[in-house]
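Asks: This structure is in C-alpha cells; I'll ask about it shortly.
Residue numbers (full-length UniProt numbering): 1 to 135.
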C-alpha cells in the first residue's frame, strides 16, 4: 500500500524494486562489511564459473553469497533499529546485535563449506589425499 492506495501487478513490483534499491544503497553507504560482500559477489560470479564442477554447484556457490548478503542486510537493519531505539549501551541490545553477528558468521561458515566442497570435487582432492595416505 502506498498513500492509502493498494497497488497491483507491475506497478507493485516496480515500487518494491525501488525500495530494494534504496535499502541496498543505504546499507552499502553505512556498512563496510556489506560493501565487501558486494565486491565478493561481483568477483564470485566469474570465479564460480571456473571453479564450479557443475551447474548445480555454480547455483549453490552464487546462492550462498546472496544468502550471506541477505543475512548481512538483516543484521544491519537490526543494528540500525537498535541504535535508533537507544543510542546508549544496553546489555540486551548488545546481545541482540551479537546474535545478528553470529548469524552472519554461520552464513560465512556455510559459504566456506560450499566453496570448499566445490574445490574438493573440482580438483578431486579427496582421492589425492587417499593416495597420499596410502588408503
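Every residue gets a Cβ at the ideal spot worked out from N, C-alpha and C, and that includes glycine.
(1) Using the Cα positions of residue 27 and residue 33, report the straight-line distance between them to the nearest angstrom.
(2) I need the DSSP call for residue 1, collapsed to helix, strand or coil.
(3) Hey, residue 82 and residue 97: beta-carbon distance below 8 Å or not?
(4) Do residue 41 and residue 69 have their C-beta atoms closer together than 8 Å?
(5) Below 8 Å on the Cβ atoms is my contact criterion, and I expect residue 48 with residue 62 to pass it. Report the Cβ-Cβ distance as a whole number of Å.
(6) If you draw a straight line from the C-alpha of residue 73 to the C-alpha of residue 43, how long is it?
Replies: With the given structure in hand:
(1) The alpha-carbon atoms of residue 27 and residue 33 are separated by roughly 10 Å.
(2) For residue 1, the predicted structure reports a pLDDT of 48, less than 50, and the residue's modelled location is therefore unreliable. A value from the coordinates is still provided. Residue 1: coil per DSSP, three-state reduction.
(3) Between residue 82 and residue 97, the C-beta gap is smaller than 8 Å, which places the two residues in contact.
(4) Yes, these two residues count as a Cβ contact at 8 Å.
(5) Residue 62 and residue 48 do touch by the CB rule: their CB atoms are close to 6 Å apart, below 8 Å.
(6) One alpha carbon belongs to residue 73, the other to residue 43, and they sit about 19 Å apart.
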